[in-house]
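If you want the working numbering, it's the 1-based position in the sequence shown plus 1251. Glycine residues also receive a C-beta, built at the ideal position from the N, C-alpha and C atoms.
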Amino acid sequence: MHILIAEDDATSRILLTDMLEGAGHVVVATTNGEEAWRAMQEEDAPRLVLLDWMMPGLAGVDVCRRIRGHAFDRYVYVIMQTARGQEHDIAEGYDAGADDYLIKPLNYKELVFRIRAAERILDYDEQLARYAGAMQSLAEEQARQLVHADRMATLGVLSAGVAHEINNPTAFIAGNIQTMRRVWDVVVAALRDSVQVEANPKLSFAVEEFPKMIAGIRNGVDRITRIVDGLKCFAARGGRNKEPFSIQDAITEALELCRNRLKYSIEVNISLEESLAPVYGDKQQVEQVLVNLLVNAADAMKEMEHGQIYIDAERFDGMIQITVRDTGPGLPPDIADKVFNPFFSTKKVGEGTGLGLSISKGIIEEHNGTLMLLKTVEGAAFQFTLPCAEEAPAHE
1252 MHILIAEDDA TSRILLTDML EGAGHVVVAT TNGEEAWRAM QEEDAPRLVL LDWMMPGLAG
1312 VDVCRRIRGH AFDRYVYVIM QTARGQEHDI AEGYDAGADD YLIKPLNYKE LVFRIRAAER
1372 ILDYDEQLAR YAGAMQSLAE EQARQLVHAD RMATLGVLSA GVAHEINNPT AFIAGNIQTM
1432 RRVWDVVVAA LRDSVQVEAN PKLSFAVEEF PKMIAGIRNG VDRITRIVDG LKCFAARGGR
1492 NKEPFSIQDA ITEALELCRN RLKYSIEVNI SLEESLAPVY GDKQQVEQVL VNLLVNAADA
1552 MKEMEHGQIY IDAERFDGMI QITVRDTGPG LPPDIADKVF NPFFSTKKVG EGTGLGLSIS
1612 KGIIEEHNGT LMLLKTVEGA AFQFTLPCAE EAPAHE
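Below, the structure written as structure tokens:
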């Protein structure tokens, strides 16, 4: 126990110090109230204080009042010692905030028992503080989970509505593109019969490039359809097409979807464990997670002349562990706990919705995996796990 003694009588101070140190306590001995109060301002201030009532300058009872008026991190137990044994004197000491009272001359055996009682009380106070801290942390965590659940429920309703609204114009575009693709050969044949196509640069360009444009629009429609399907799956809180698939194929296709965002100044390095087992899940949803992580990495490095993305995959404890790491500026520690919250974004207004990581986390958890932000020295690294197909229980 760390004990402070405030005693102006040298003999009493030495005897107290020797006795307490002999009992294994750490003792800070002071000669007056001012010294005692300064000692209480130290970072590691004692939790048990023995105060002599009558001292020159600042009296012990006044030090006690200051202790009770100060906001210490932990409770300080105060024992007053004095020759003043009248009832009103004792009442004044307790009124000042003293926890216990000893009449001089001290009975050292009694003092030992009083200190043991003080230790029990301080230990109990410590346990209460730890319990209160644990309860507060639990309450805060439950509050965060309730807020998160409410936001996710709202987001699910929103996703279903958005998906429905996008479906109609997408179907209209897809139908017209199919019609254009069917009649284009007829149009080209008619053009060649009526005019010299090769002699007209504009017509020649149109004949050559228009099929590519149709294919590009078709690819765009397919991507919109996949996104809408993803929103529907998210709104339904469950994948629909879970089956074994190669994570390498999913990575390759995700990189293809992100090619335009990565091709200028970003180098992608892929390191996959040989003969990697297939994973079990919805390949389209997993690709959505990969695309989100890759796009976030690209956005983080868009101001850099040269950035790098590392994609690693290996088997670990019946799961396939995939890590996507970049060499960008990274994420400050104070926001690391917020990145998976819906609508939280580190991007500028208008550049992100703050939904990507939240949706991605939901997708991975629905696959019985985990998605987390790793601590790194450089850049940002996200890691997620997926069950191996052979480990999935009867393929759910």
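Contact between residue 1577 and residue 1560 holds: CB atoms are separated by about 5 Å, below the 8 Å threshold. Rounded to the nearest whole angstrom, the CA to CA distance from residue 1361 to residue 1307 is 27 Å. In the DSSP secondary-structure assignment, residue 1438 is not bridged to any residue.
By the neighbour-count criterion, in which 16 or more other beta carbons inside 10 Å mark a residue as buried, residue 1332 falls on the buried side. Between the stretch 1512–1529 and the stretch 1608–1619, the count of C-beta pairs closer than 8 Å stays below three; the two stretches do not touch. Assignment of residue 1253 by DSSP, reduced to helix, strand and coil, places it in the strand class. Around the C-beta of residue 1558, 16 or more other C-beta atoms lie within 10 Å, and the residue is accordingly described as buried. In this structure, residue 1571 places its C-beta atom within 9 Å of the C-beta atom of residue 1637. Residue 1531 and residue 1575 have their C-alpha atoms roughly 19 Å apart.
Taking the CA atoms as reference points, residue 1428 sits about 23 Å from residue 1413. DSSP places residue 1274 outside both helix and strand once states are collapsed to three, so it counts as coil.
Within its own chain, the residues whose Cβ lies closer than 7 Å to the Cβ of residue 1314, once the five positions on either side in sequence are excluded, are 1257, 1284, 1287, 1288 and 1302, listed in chain order. When the alpha-carbon of residue 1262 is set against those of 1282, 1321, 1420 and 1290, the nearest one is in 1282. Residue pairing from DSSP leaves residue 1429 without any beta-bridge partner. Around the C-beta of residue 1363, fewer than 16 other C-beta atoms lie within 10 Å, and the residue is accordingly described as exposed. Scanning its chain for C-beta atoms nearer than 7 Å, with the 5 sequence neighbours on each side dropped, one finds around residue 1630 the residues 1576, 1577, 1578, 1579 and 1581, in chain order. A direct Cα-to-Cα measurement between residue 1567 and residue 1546 gives close to 26 Å.
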